[in-house]
Structures are given as C-alpha cells and as structure tokens.
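Novice: This is the structure, below, for whatever I ask next.
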Amino acid sequence: MTKIAVIGTGYVGLTTGACFAHMGHQVVCADIDPAKVESLRNGVIPIVELGLQELVEEGLAGGRLSFVLGAASAAKDCEIAFLCVPTPQGEDGSADLSYIETAAREIGPVLPYEAVVVNKSTVPVGSATSVERVLGRPDVKVVSNPEFLREGSAVQDFLRPDRVVIGCNDQAAALKVSALYDRISAPVIITDPASAETIKYAANAFLATKLSFINAIAAICEGVGADVNDVVVGMGSDKRIGQDFLRPGPGWGGSCFGKDSRALLKIANDAGYHFDLLDGVIAVNEEQFDRVTDKIRVAAGGDLSKSTIAVWGLTFKARTDDLRESPSLAIVDRLITAGATVRAYDPTVHSMKAGVPSGTTIADSAYSACTGADVLAVLTEWDEFRWVDIAEVKAAMHGRAVVDARNLLERNDWRRAGFDFQGIGR
Ligand SMILES: NC(=O)c1ccc[n+]([C@@H]2O[C@H](COP(=O)([O-])OP(=O)(O)OC[C@H]3O[C@@H](n4cnc5c(N)ncnc54)[C@H](O)[C@@H]3O)[C@@H](O)[C@H]2O)c1
Numbered sequence: 107m108t109k110i111a112v113i114g115t116g117y118v119g120l121t122t123g124a125c126f127a128h129m130g131h132q133v134v135c136a137d138i139d140p141a142k143v144e145s146l147r148n149g150v151i152p153i154v155e156l157g158l159q160e161l162v163e164e165g166l167a168g169g170r171l172s173f174v175l176g177a178a179s180a181a182k183d184c185e186i187a188f189l190c191v192p193t194p195q196g197e198d199g200s201a202d203l204s205y206i207e208t209a210a211r212e213i214g215p216v217l218p219y220e221a222v223v224v225n226k227s228t229v230p231v232g233s234a235t236s237v238e239r240v241l242g243r244p245d246v247k248v249v250s251n252p253e254f255l256r257e258g259s260a261v262q263d264f265l266r267p268d269r270v271v272i273g274c275n276d277q278a279a280a281l282k283v284s285a286l287y288d289r290i291s292a293p294v295i296i297t298d299p300a301s302a303e304t305i306k307y308a309a310n311a312f313l314a315t316k317l318s319f320i321n322a323i324a325a326i327c328e329g330v331g332a333d334v335n336d337v338v339v340g341m342g343s344d345k346r347i348g349q350d351f352l353r354p355g356p357g358w359g360g361s362c363f364g365k366d367s368r369a370l371l372k373i374a375n376d377a378g379y380h381f382d383l384l385d386g387v388i389a390v391n392e393e394q395f396d397r398v399t400d401k402i403r404v405a406a407g408g409d410l411s412k413s414t415i416a417v418w419g420l421t422f423k424a425r426t427d428d429l430r431e432s433p434s435l436a437i438v439d440r441l442i443t444a445g446a447t448v449r450a451y452d453p454t455v456h457s458m459k460a461g462v463p464s465g466t467t468i469a470d471s472a473y474s475a476c477t478g479a480d481v482l483a484v485l486t487e488w489d490e491f492r493w494v495d496i497a498e499v500k501a502a503m504h505g506r507a508v509v510d511a512r513n514l515l516e517r518n519d520w521r522r523a524g525f526d527f528q529g530i531g532r
C-alpha cells in the first residue's frame, strides 16, 4: 500500500485516484474547487463516467479515498504525488504549464523527504525538468507517467491499459511508480522523460491523423460512389492498419486532440522540424466541420436562415458529458451563424452550458428536438438514437431530411419511412 496524493480531480485525476484506491492504495485527492471537493466528499461525482461513481463510493466507504481542498493538504503526507491538472493551449499553441507550476509550487515545501512527483497531465518535452526546478527539492524526483485513458471508458482504460509508460532518469523513482501498477497486467515501458512525454503527443497526433485520414477518404467515397463503411472494413482487416479510429464522423474534438496536436506542432517547430503532415491533419478536421454544415444546408434546401435544424448529440463523443472542443458544437455554431434555428438534444446536457452556442434551444428528448424541424442532424453517436421510433420522429418533423454525420442510424429503415437520408462517405 502506498500513500498517494492526486492533485486535480477532473476526468484524469478522479479516475486515477479512484482506481488506485480500488487497487488498495491510500489516496488523498485535492482540488481547488470547494464545491467539487464537497460534492466528492459526499460521494457525488460531478462528471459522467461509466463505473466511476461506484469506485468513488467504494473508496470512501473503505476509508482508502478522501478529498481535500488545496494541493498542499493532500501532498503533506504522501509518498507519491500525481499532478493531474489542466494543460490548456497557450497563446502560441504550446501547452500552458501555469496550472502545473502552481501545483508544484504549492506542494514543494510540504512534500515528505524523498517523495516522488508524477506528471500525469499531458506536458511538453522538458516538463519533468521544469517541475523539478519549481519544486526546489533536490531530494524529490519527478517522473513522467502520461495517461492514455479515453473519456467514456476511463475506468476500464485505467485498470486495463494497453501499456503503462514511465519516464525518469532515476531508476529508483521509476520503479516506485511502476510498482503502483503491479496489479495491472500490461507492459510497463520505462524510458527517459523526454521519450515518455513525446510518446503521449505522438500517440494523440497519430489517432487524430487516422480520424482525419478516414474523413478525407469518406469525402473521396462520396465523389466516386464508394461506401466508406465497406472501405473501413476492407482496409482495417489488414492487421497492419486495424479498424480502430477509422470511423468517419463530423470531425474529431474533445479536450485533448486539438490542444495536443497544436502543442506538438510547436514542439516540432522549436526542434527545427516543420510538421506539415500534422498541419494537414488539423486543416482536414476544420474542413470536416464545414463539410457537414454544408450537407445540412443542402438538406435544408440551401438556405439555413429559414430552417429549423434538430441536432441529436452535443458532447464530443457518446458516454461522456464533456462538451470541450466538441465537433457538434463547432457545427451548431456554424448553423446558428448562418441564421438557422437549432433545437438540440443530448442525454447528458439538460440546460444551457458553457460552450453551447447562445441561441441553441435545449430540448428534453430526441423527439421534442425534432418539433417542426426541416432537417435532423445526428452529431454524437449516442446509442439511444438508434432505437428511436421513426414514425414519432416523422410526426414531429416538418421536413423529411436526415444528415447522419456518425453513420449511426439504419439508413434503409429511414428511407423506407420516406426520409431523404444521407450519411458520411456513402
Ligand atoms: N480528459 C482526458 O480524456 C485526458 C486523457 C489523457 C490525458 N489528459 C490530460 O490530463 C490533464 C488533466 O485533464 P482533465 O481532462 O482531467 O482536466 P479537468 O479540467 O477535467 O480537471 C482538472 C482539475 O484540476 C483542478 N485544478 C487546477 N489547478 C489545481 C491545483 N493547483 N490544485 C488542485 N487542483 C487543481 C481543476 O479544478 C480541475 O478539477 C491534462 O493535461 C489533459 O491533457 C486528459
């Protein structure tokens, strides 16, 4: 059993804390948001994440998980402190390290002798060294241990990862962190900090590349009359390629891919390499938002300003409540800017929230979003949209057009019901 402090209780920190407590460690999680800490103390988690609520309840009940206000209170008694604070995009594209530095400054004076600090936040190459400098504690080593979990399956991904990456020049510190994962059966890759930090950015940029690639292929499919779904099966059956992250859609988003791709561009640039490929990946993604908006425009008869659009899905992906950098919001923003009336429904968004373009009406069901709509646009792949009663949707809508930007719905059922149905790349 190791005494662990987790600084930051967002998607990564809360999952990390609850999973380590589940694995038998003694975990104290800290945040700067008093309301969040209070709610977590009462066992109420502020995010939607499968299985996390149960793990938090289990940790609290077993006395292995607790929540405190402020990083110093958590760190003063720990052997290992995980930094899980935001690293948003800075003005020049690079990762803004101010949250990391603030947290390091807070814990530096109180960490016990020879504690280990772990960067779990996604941080640029060289951050292990800069955190060491801010801590000002020669006895404390900093380890890079990037996190690869996906929102929507964060707990599963943490407990059953494909690999654990640990970067440190001090072997004893690396082994201390690696021992935390003893009960997890996954390869542990121990390397230097610069390589560990690069692995995280390279992995995210590669996944974004796959998504932009398949969206570009989808555009070609539309031009040549091919079906991208069949192309994916045919391509992805090749073991060298694989089918994961080859689903066409409205563009990629979420809190990480955009900022991490831009941060890698900056890292590359600073290292003297012009990463044109990654520039292209980002440009294709921006185009995809425009392409989907255009499809909706055409489906609406060419003039969005006279149209009502029903939008199904606002989160950046299904099974999360996270709206950060959601492709759906990028498209809703374009629709509203073009004068459309937008009625949106999402299973986890029940009122206007930060990031939702003003002017959007939030509906309380998939059907009520369709009231009087000319076009139905499916923008997030929530399962419940697949099981709707098509006749009820038809009765609610004014028009008969569907743009399914996730290739989620069974198009033949909708066409048989009299809808003009379009997917992506088919
Ligand atoms: N969200 C993901 O899917 C994901 C996956 C892998 C890696 N990451 C990386 O992990 C890091 C955290 O991401 P997230 O999505 O969990 O962020 P988040 O915004 O959900 O949570 C961050 C939390 O840190 C708290 N915080 C900020 N400063 C603090 C301080 N000084 N002391 C204590 N708490 C503080 C905030 O109040 C917030 O609750 C980022 O670097 C991100 O790139 C995220």
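Residue numbering for the sequence shown follows the numbering used here, beginning at 107 and increasing consecutively.
Every residue gets a Cβ at the ideal spot worked out from N, C-alpha and C, and that includes glycine.
Quick caveat: nothing in here was measured; it's all calculated off a predicted structure.
(1) Could you tell me the alpha carbon to alpha carbon distance between Trp520 and Phe527, rounded to whole angstroms?
(2) Rounded to the nearest angstrom, what separates Gly357 and Ala280 at their Cα positions?
(3) Go ahead and label Phe312 buried or exposed: buried means 16 or more other beta carbons lie within 10 angstroms of its beta carbon, across all protein chains shown.
(4) Kindly indicate the opening and closing residues of the alpha helix (DSSP H) around Gln394.
(5) Would you list the one or two residues that DSSP bridges to Ile110?
(6) Does at least one heavy atom of ligand 1 sit under 7 Å from the Cβ of Ala141?
(7) Any chance the region 302-309 sits against the region 252-263, with 3 or more Cβ pairs inside 8 Å?
(8) Would you mind giving the Cβ-Cβ distance between Ile402 and Gly531, rounded to the nearest angstrom? I have them listed as a contact below 8 Å.
(9) Arg243 to Gln159, Cα distance in whole Å?
(10) Could you tell me whether the Cβ atoms of Leu371 and Phe363 are closer together than 8 Å?
(11) Give me the DSSP bridge partner(s) of Ile415.
(12) Thinking C-alpha only, which one of Val191, Cys135 and Thr414 is nearest Val481?
(13) Is any non-hydrogen atom of ligand 1 found closer than 7 Å to the C-beta of Ile373, if you look at the structure I gave you?
(14) For Val222, which residues from the same chain have a beta carbon less than 8 Å from its beta carbon, with the 5 sequence-adjacent residues on both sides left out?
(15) Rounded to whole angstroms, what's the CA-CA distance from Asn148 to Val508? Just pull it up for me.
(16) For Thr121, name the three-state secondary structure that DSSP assigns.
(17) Does the distance from the C-beta atom of Asn513 to that of Pro299 stay below 8 Å?
(18) Who are Ser250's beta bridge partners in DSSP?
(19) If you run the structure through DSSP and keep just helix, strand and coil, what is Leu420?
(20) Select from Ile326, Ile272 and Leu217 the residue whose C-alpha is nearest the C-alpha of Ile305.
(21) Sort Ala460, Gly232 and Asp495 by Cα distance to Ser471 and report the nearest one.
(22) Quick check: what's the CA-CA separation for Val270 versus Val448?
(23) Val508 bridges to which residues according to DSSP?
(24) Shorter than 8 Å from the beta carbon of Gln262 to some beta carbon of chain B?
(25) Tell me the DSSP secondary structure of Gln159 in three-state form.
(26) Along the chain, where does the beta strand (DSSP E) containing Ser172 start, and where does it finish?
(27) Mind checking whether Val229 and Ile206 have CB atoms under 8 Å apart?
(28) Measuring alpha carbon to alpha carbon, tell me which residue in Val330, Ala369 and Ser172 is nearest Glu197.
(29) If I measure Cβ to Cβ from Gly478 and keep anything under 6 Å in the same chain, skipping five residues before and after, which residues do I get?
(30) Just to confirm, does Val224 get its C-beta within under 7 Å of one of the non-hydrogen atoms of ligand 2?
(31) If we call anything under 8 Å between Cβ atoms a contact, is Ala450 one with Tyr473?
(32) Does the distance from the CB of Glu155 to the CB of Glu257 come in under 8 Å?
(33) Between Thr304 and ligand 1, is there a pair consisting of the residue's CB and a ligand heavy atom that are separated by less than 7 Å?
(34) Take every Cβ of the region 385-396, pair it with every Cβ of the region 414-429, and state whether three or more of those distances are shorter than 8 Å.
(35) Verify whether the separation of the beta carbon atoms of Ile468 and His456 is less than 8 Å.
(36) Below 7 Å, is the gap between the Cβ of Ile138 and the nearest heavy atom of ligand 1?
Specialist: Taking the geometry as given:
(1) 7 Å
(2) Going from the Cα of Gly357 to the Cα of Ala280 covers about 37 Å.
(3) Exposed, by the Cβ-count rule.
(4) Asp382 to Ala405
(5) Val133 and Ile186
(6) no
(7) yes
(8) Not a contact, Cβ separation roughly 16 Å.
(9) 36 Å
(10) No, the pair does not count as a contact, with Cβ atoms beyond the cut-off.
(11) Val448 and Val481
(12) Thr414
(13) no
(14) Glu185, Ile186, Ala187, Val246, Lys247, Val248, Val249, Ala279, Lys282 and Val283
(15) 43 Å
(16) Helix.
(17) Not in contact: Asn513 and Pro299 (Cβ atoms no closer than 8 Å).
(18) The partner list for Ser250 (beta bridge, DSSP) reads Asn225 and Gly273.
(19) coil
(20) Looking at the Cα atoms, Ile272 is the closest of the given residues.
(21) Residue Asp495 holds the alpha-carbon nearest to the alpha-carbon of Ser471 among Ala460, Gly232 and Asp495.
(22) Taking C-alpha positions only, Val270 is separated from Val448 by approximately 43 Å.
(23) Leu482 and Phe527
(24) Although the question refers to chain B, the structure presented lacks it and comprises just one protein chain.
(25) helix
(26) Leu171 to Leu175
(27) yes
(28) Ala369
(29) Thr414 and His504
(30) The model depicted lacks ligand 2 and carries ligand 1 instead.
(31) Not in contact: Ala450 and Tyr473 (Cβ atoms no closer than 8 Å).
(32) yes
(33) no
(34) no
(35) yes
(36) Indeed, a heavy atom of ligand 1 lies less than 7 Å from the Cβ.
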